[in-house]
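Note that the sequence shown covers residues 1 to 726 in UniProt numbering.
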Amino acid sequence: MNRGLILKFENLVQLRGACRQLRTVSHRKVPKAQWKPVQSSAHPVCSVLLYPQLWQKDKLISIALSQCRHLATKEETKKKKKKILLTQGEVEIRQKMTIEELARAMGKDVDHIYEALLYTDVDVVSLEPDSVLYEDHIKLIVKKSGMKYKSAKLKEEKERENKDAVKRPPADPAVLTPRPPVVTILGHVDHGKTTLLDSLRKTQVASMEAGGITQHIGAFLVHLPSGEKITFLDTPGHAAFSAMRARGTLVTDIVILVVAAEDGVMEQTVESIQHAKNAGVPIILAINKCDKPEADPERVKKELLAHDVVCEEFGGDVQAVNISALKGENLMVLAEATVALAEMLELKADPTGLVEGMVIESRKDKGKGPVTTAIIQRGTLRKGCVLVAGKTWAKVRFMFDENGKAVDAASPGVPVEIMGWKEVPSAGDEMLEVESEQRAHEVVAWRTYVEQQEKVKKDVEVIEAKQKEHRMEYEKKQQKLAHLTWRQRKAVLYKENKHLMLLKPKERTEMDKNVLSVVVKGDVDGSVEAILNILDSYDADDECKLDIIHFGMGDISETDISLAETFNGVVFGFSVKANESIKRLAAKKGIKIKLHSVIYKLIEDLKEELNSRLPPAVVENTIGEASVIDIFSVTVGKNKIAVAGCRVQKGLLDKKMKFKLIRNRDVIWKGYLSSLKHHKDDVQVIKMGMDCGLSLDKNIEFNIGDEIICYEEKEVQQTTSWDPGF
């Protein structure tokens with residue numbers, strides 16, 4: 001078979017397929033009224049028969065489909081216009097809907113929605129059927145239409161399996177072994193807590209503390225001469241560190257309450273007693289500084305009676321020991337009392353199985369990365385263990401004791417510094433060992449999910465409250481504008497907001513001048529927590545708004561400087577550093593970096609920054625006072641000018657200064673003098689006891705007995721009314 005015959009055969013097959021398509025179209029039952037003729041293709045079918053080589057199958061199919069597009073049956077038209085039936089008169093709405101979707105849900109046409117929108121502040125002219133409406137307007141439209149609404153149900157997420165890590169059941173008493181007692185030293189600031197601990201472990205911790213004040217928890221294992229071991233927690237006594245003291249009592253067995261013999265019971269002493277009672281922990285009273293001449297230990301014991309701390313000599317169960325931490329007097333007596341109480345408590349723990357503990361402190365070390373100080377409560381911690389705390393995990397790389405010496409294992413009751421964390425956990429987090437890294441990932445993912453769900457729940461509550469508040473404000477505004485047309489309402493709203501739209505960027509910055517944006521960086525988690533707790537007490541937003549734009553641990557970084565530049569803020573650092581390159585960058589961008597090692601100095605510096613943002617107050621300083629003893633008038637041209645004959649009672653009258661006229665304790669006038677004369681001579685100053693005549697820059701009638709006050713106005717820097725409490 002030659003090539004020409006093959007081509008003819010292929011063309012016939014293509015022609016047959018095309019004819020079938022046309023036959024299908026021609027046999028459809030289409031009413032004549034709905035038929036719409038279409039211009040045929042540029043290549044009629046007859047040309048195919050004459051020139052089969054020019055026939056294209058795709059072109060013929062497109063002709064057939066174009067005919068179909070222009071056929072609209074009555075049934076299809078009715079289906080398109082068919083309205084959706086409402087379920088029990090309720091409209092199912094979503095937070096966002098287009099005008100077309102809302103009309104369909106209500107069973108109305110689009111024009112009905114436009115008509116209802118005339119009763120809102122929406123610009124109807126700019127709307128299209130596919131324009132999006134928000135929940136407030138959707139609900140209002142449904143109400144205006146005399147219908148009820150209900151929120152569309154969201155697809156319920158499949159409930160996730162709880163993958164959290166939990167503590168093991170209580171151990172068998174047979175496997176329990178004795179452990180060192182965990183003793184927390186509590187008391188008021190500067191009553192000698194760190195000095196006491198320093199004397200017990202023979203190191204110089206107090207001399208290293210800024211200002212002699214403990215800035216965060218220190219955990220130490222002390223070896224006594226008798227061979228006993230005691231784990232001490234030294235917590236800050238400063239008012240700012242209440243949360244850290246409370247955290248210290250959660251892991252402790254015994255509280256040593258340090259009270260200075262010459263000061264007696266103070267504010268943080270009372271708070272420390274309350275923390276111990278809340279934790280159900282026994283107290284040993286250490287009355288410090290008994291070597292001072294003004295020391296009065298008996299007064300301290302009597303003052304503590306008011307707070308239900310009853311010493312043994314008064315029939316109570318609290319041991320009291322008089323000590324001098326600085327001179328090392330009676331420290332062994334205090335240690336023996338602690339050991340004796342620990343023996344009575346029979347402190348034991350399970351050293352086997354998965355580790356359980358608590359994060360006492362956490363920080364980000366430049367060389368070590370995220371580091372935590374933890375107390376082991378159960379099990380024995382070793383290198384390679386996988387731990388979970390909060391929403392982070394660690395594979396233990398190294399462990400160190402309180403002297404920085406590497407250790408291979410940590411048993412119950414022993415404090416240890418842990419390296420290997422992926423992120424810095426929060427102080428106070430429960431620390432649990434898990435079987436593998438995969439299990440750690442599961443636990444962290446579950447905890448993150450739970451936190452997100454709680455946050456979403458809270459956000460929904462806040463959003464609903466805000467929506468309710470905005471709805472009430474909107475309804476009040478609508479009531480005021482109810483008598484106007486929607487165009488008139490829009491014009492009114494435009495006039496109200498016009499001044500904000502016309503503001504230049506510089507003027508907007510000036511409006512925000514009384515806002516202090518701060519970046520807070522600290523050495524450890526507890527320090528940052530303490531600073532944020534103080535800033536949470538800020539209650540002077542009407543004077544200057546305090547905005548915390550970022551906080552975290554570690555030295556000052558470029559990110560901190562960039563954030564401060566963006567918000568025109570100040571960077572505050574507590575026990576952290578800023579290297580020279582960061583300082584140069586901050587100086588170049590005009591950003592202040594405030595570094596402190598004592599917390600109350602940081603807060604004082606922050607108050608100074610707040611004061612600098614406040615507008616100056618104008619204060620009037622009185623220079624002189626005169627009383628009106630006679631009244632007369634002088635004609636100048638065609639005008640009569642009132643003149644007061646006065647006698648200076650105090651100070652002097654200076655024509656360059658401002659004056660005010662007071663009558664019956666009311667200020668009648670403020671301004672400048674137009675003339676000041678003494679014996680018909682113009683003068684600049686009238687001293688006390690002299691008589692003068694004066695007239696004002698405004699023609700005001702005088703009365704005998706009126707007071708003339710000469711004063712000057714000075715701008716004085718305001719101070720914030722915020723009191724952080726120390």
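Each residue gets a CB set at the ideal place from its N, CA and C atoms; glycine is no exception. Just so we're clear, the structure is a prediction, and the values are computed from it rather than from any experiment.
Among 371, 255, 396, which has the Cα closest to the Cα of residue 382?
For the residues 371, 255, 396, the minimum Cα distance to residue 382 belongs to 396.
Rounded to whole angstroms, what is the Cα-Cα separation between residue 745 and residue 525?
Since the displayed the chain opens at 1 and closes at 726, residue 745 lies outside it and no answer follows.
From this set, 611, 192, 601, 492, which residue's C-alpha is nearest residue 515's C-alpha?
Nearest C-alpha to residue 515: 611.
For residue 723 and residue 115, I'd like the C-alpha separation in whole angstroms.
The C-alpha of residue 723 lies about 56 Å from the C-alpha of residue 115.
Beta-carbon contacts of residue 540 that lie in its chain and below 6 Å, excluding the five residues immediately before and after:
Once the five neighbours on either side are set aside, the close Cβ partners of residue 540 are 720, 721, 722.
Out of 571, 598, 599, 576, state which residue places its alpha-carbon closest to the alpha-carbon of residue 587.
Answer by Cα proximity: 571.
In chain order, which alpha helix (DSSP H) runs of at least 4 residues are fully inside the region 555 to 624?
Counting only unbroken stretches of 4 or more residues, the alpha helix (DSSP H) elements lying wholly within the region 555 to 624 are 558 to 566, 580 to 589, 599 to 613, in sequence order.
Please confirm whether any heavy atom of the ligand PLP lies closer than 7 Å to the CB of residue 331.
Among the components modelled here there is no ligand, and therefore nothing to report on the ligand PLP.
Mind checking which residues open and close the alpha helix (DSSP H) that includes residue 323?
It is not in any alpha helix (DSSP H) - residue 323 carries neither H nor E in the DSSP assignment.
Whose CA, out of 347, 345, 288, lies closest to the CA of residue 320?
Comparing Cα-Cα distances from residue 320 to each of 347, 345, 288, the minimum goes to 288.
Residues near residue 594 by beta carbon distance below 6 Å, same chain, minus five either side:
Counting only Cβ-Cβ distances below 6 Å, and skipping sequence neighbours, we find 572, 605.
Which runs of the beta strand (DSSP E) at least 3 residues long sit entirely within the region 378 to 427? Give them in chain order.
Segments of the beta strand (DSSP E) lying fully in the region 378 to 427: 386 to 389, 392 to 400, 415 to 421.
Roughly how many angstroms separate the alpha carbons of residue 262 and residue 191, rounded to a whole number?
Cα-Cα distance, rounded: 10 Å.
Separation of residue 421 from residue 230, as counted between CA atoms
Whole-angstrom Cα-Cα distance: 27 Å.
Buried or exposed by the 16-neighbour rule on C-beta atoms within 10 Å, applied to residue 579
Per the 10 Å Cβ criterion, exposed.
Answer with buried or exposed for residue 350, where buried requires no fewer than 16 other C-beta atoms within 10 angstroms of its C-beta.
Answer is buried; the Cβ neighbour count reaches 16.
DSSP beta-bridge partners of residue 432:
DSSP, once it has assigned bridges, lists 356, 388 as partnering residue 432.
Locate the alpha helix (DSSP H) running through residue 689, then write down its first and last residues.
Where residue 689 is concerned, there is no enclosing alpha helix (DSSP H), given that its DSSP letter is neither H nor E.
With DSSP run on the structure shown, which of helix, strand or coil describes residue 288?
Looking at residue 288 - three-state DSSP - the assignment turns out to be strand.
Near residue 272, what residues of its chain come up, given a Cβ to Cβ distance below 7 Å and the 5 sequence neighbours on each side ignored?
Hits under 7 Å: 186, 187, 245, 257.
Cβ pair residue 369, residue 419 closer than 8 Å
A contact, by the Cβ cut-off of 8 Å.
So residue 151 is in the beta strand (DSSP E); what residue range does that whole segment cover?
Where residue 151 is concerned, the enclosing beta strand (DSSP E) stretches over 148 to 151.
Give the single residue among 378, 710, 476, 521 whose Cα lies nearest to the Cα of residue 172.
Closest by alpha carbon: 378.
My understanding is that residue 629 touches residue 668, with C-beta atoms under 8 Å, so please give their C-beta distance in whole angstroms.
Between residue 629 and residue 668, the beta carbon gap of about 17 Å keeps them out of contact (Cβ cut-off 8 Å).
Could you tell me the distance, in whole angstroms, from the CA atom of residue 683 to the CA atom of residue 651?
Their backbone Cα atoms lie some 16 Å apart in a straight line.
Thinking C-alpha only, which one of 130, 111, 122 is nearest residue 101?
Out of 130, 111, 122, 130 has the C-alpha closest to the C-alpha of residue 101.
Please report how far the alpha carbon of residue 98 lies from the alpha carbon of residue 451, in whole angstroms.
As the crow flies, the alpha-carbon of residue 98 is around 33 Å from that of residue 451.
Nearest CA to the CA of residue 670: which residue from 645, 696, 560, 691?
When each option's Cα is compared against that of residue 670, the closest is 696.
DSSP beta-bridge partners of residue 544:
Residue pairing by DSSP places residue 544 opposite no residue, since no beta bridge is assigned to it.
Report the partner residues of residue 669 according to the DSSP bridge assignment.
Paired residues: 661.
Would residue 253 and residue 347 be called neighbours here (beta carbons separated by less than 8 Å)?
A contact, by the Cβ cut-off of 8 Å.
The alpha helix (DSSP H) enclosing residue 274, as first and last residue numbers:
From DSSP, the alpha helix (DSSP H) with residue 274 extends over 267 to 279.
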